[in-house]
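Asks:
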Amino acid sequence: MADGAGRWGRRTVLRRAALLAGGAALGAAATSQTTWIADRRLPLAGGPASATVGNGHQQVGAGSVEVAWGVRTSERLVALTFDDGPRPQWTPMVLDTLEQHAVPATFFLVGERARQHAVLVRGRLGRHEVGNHSWAHHDLARMDAHTAYDDLRRSHDAIAEATGTAPRLLRPPWGHLGGAVLHAAARLDYRLVLWTLQMVEGEYPHDPVGHARRIVADVQPGTILLGHDVGTEQRLVALRGLPDMIIGLRDRGYTFVTVSQLLRHAVVV
Ligand SMILES: [Zn+2]
């Protein structure tokens, strides 16, 4: 017990740094790289990488978080998802197309856009599900747990206000996931949702039909498919091909479900 807490913490940092430097730098062989990393003071608790906060009881909702990329199933179910909305340019067009084909989808909304453009989605999400995609599309994986929680809570409230439904799902921007995001998600009782397949608009410039054919071929049972109803003009390739995609997947025997329905393995008739 001769070492004080500070010295113990310093030793731990140095040992971790040595391991990071390749494991051969312990003791006298420590390199300048080791020292440099040690001086960075890896945060042992707190910071974006840590999923623990403080020394008191952890406030983490139900106490666990599920992370889903997709579902392994033999049933031909697919969940269509759209990130980054709502915005006036394309969100209404996407909602119109989904309505015409009676296809449910899941929209991961950006909180400040939901507040600003609530009129676009109000009353139009009956068959759809909404998820939280952060307040302003900043990188949650660079925030500590308190900051990430504040961001997501603000977004949660804005989405609930705009849509009348409190989101139960979180998709962090770019799929960036640190410990702090897990902690914040646990506090909000969210399920974390990523994806198993995404639109590849850049590979099919000005070819909505070709792009749709590619996606239809690549979907497998249990796929969570990532698209965007906001972004550069290039993304229109996927959105203009949406009817072909829907028809093509139905021809292959697929049923469209929301993410939560997919996660329950429910067959929607
Ligand atoms: Zn996004």
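Numbering follows our numbering, with no gaps: position 58 of the sequence shown is 60.
All residues carry an ideal CB built from backbone N, CA and C; glycine is no exception.
(1) Pairing CB atoms from the segment 160-175 with CB atoms from the segment 93-113, are three or more of them under 8 Å?
(2) State yes or no: is the C-beta of residue 119 nearer than 7 Å to some heavy atom of ligand 1?
(3) Heavy atom of ligand 1 less than 7 Å from the Cβ of residue 175, yes or no?
(4) Which residues in the same chain as residue 121 place their Cβ atom closer than 8 Å to its Cβ, once the five residues preceding and following it in sequence are excluded?
(5) Looking at the unbroken alpha helix (DSSP H) that takes in residue 254, where does it start and where does it end?
(6) Using a threshold of 7 Å, is the CB atom of residue 141 nearer than that to any non-hydrogen atom of ligand 1?
(7) DSSP on residue 61, reduced to helix/strand/coil?
(8) Within 10 Å of its beta-carbon, does residue 64 have 16 or more other beta-carbons around it, so buried, or fewer, so exposed?
(9) Check whether the Cβ atoms of residue 134 and residue 158 sit closer than 8 Å, and answer yes or no.
(10) Is any heavy atom in ligand 1 found nearer than 7 Å to the beta carbon of residue 86?
(11) Work out the CA separation of residue 51 and residue 19 for me, nearest whole Å.
(12) Rank 190, 267, 72 and 256 by C-alpha distance to the C-alpha of residue 105 and give the top, closest one.
(13) Are there 16 or more other CB atoms within 10 angstroms of the CB of residue 136, so buried, or fewer, so exposed?
(14) Locate the alpha helix (DSSP H) running through residue 181, then write down its first and last residues.
(15) Going residue by residue through the segment 47-109, where are the continuous beta strand (DSSP E) segments of at least 3 residues, counting only ones entirely within it?
(16) To the nearest angstrom, report how far apart residue 55 and residue 201 are at their CA atoms.
(17) Is it right to say residue 234 is buried, meaning 16 or more other beta carbons lie within 10 angstroms of its own, or is it exposed?
(18) Report yes if the C-beta distance between residue 84 and residue 231 is below 8 Å; otherwise report no.
(19) Go ahead and label residue 248 buried or exposed: buried means 16 or more other beta carbons lie within 10 angstroms of its beta carbon, across all protein chains shown.
(20) With a CB to CB cut of under 7 Å and the five nearest residues on each side skipped, what residues in its chain are close to residue 251?
(21) Give the secondary structure of residue 225 by DSSP, where H, G and I count as helix, E and B as strand, and everything else as coil.
(22) Per DSSP, residue 193 is paired with what?
(23) For residue 135, is the beta carbon positioned less than 7 Å from some heavy atom of ligand 1?
(24) Which one or two residues does DSSP pair with residue 212 in a beta bridge?
(25) Can you grab the Cα-Cα spacing for the pair residue 171 / residue 187, in whole Å?
(26) On the CB-based measure, 16 or more other CB atoms within 10 Å of its CB, does residue 210 come out buried or exposed?
Replies: On the basis of the coordinates in this document:
(1) yes
(2) no
(3) yes
(4) none
(5) Run containing residue 254: none; DSSP gives neither H nor E here.
(6) no
(7) coil
(8) exposed
(9) yes
(10) yes
(11) Confidence in residue 19 is poor, its pLDDT being 45 and thus under 50, which makes the residue's placement too unreliable to answer from.
(12) 256
(13) buried
(14) 181-189
(15) 79-85
(16) 37 Å
(17) exposed
(18) yes
(19) buried
(20) 80, 218 and 221
(21) strand
(22) 171
(23) yes
(24) In the DSSP output, where bridge partners are listed per residue, residue 212 has none listed.
(25) 9 Å
(26) buried
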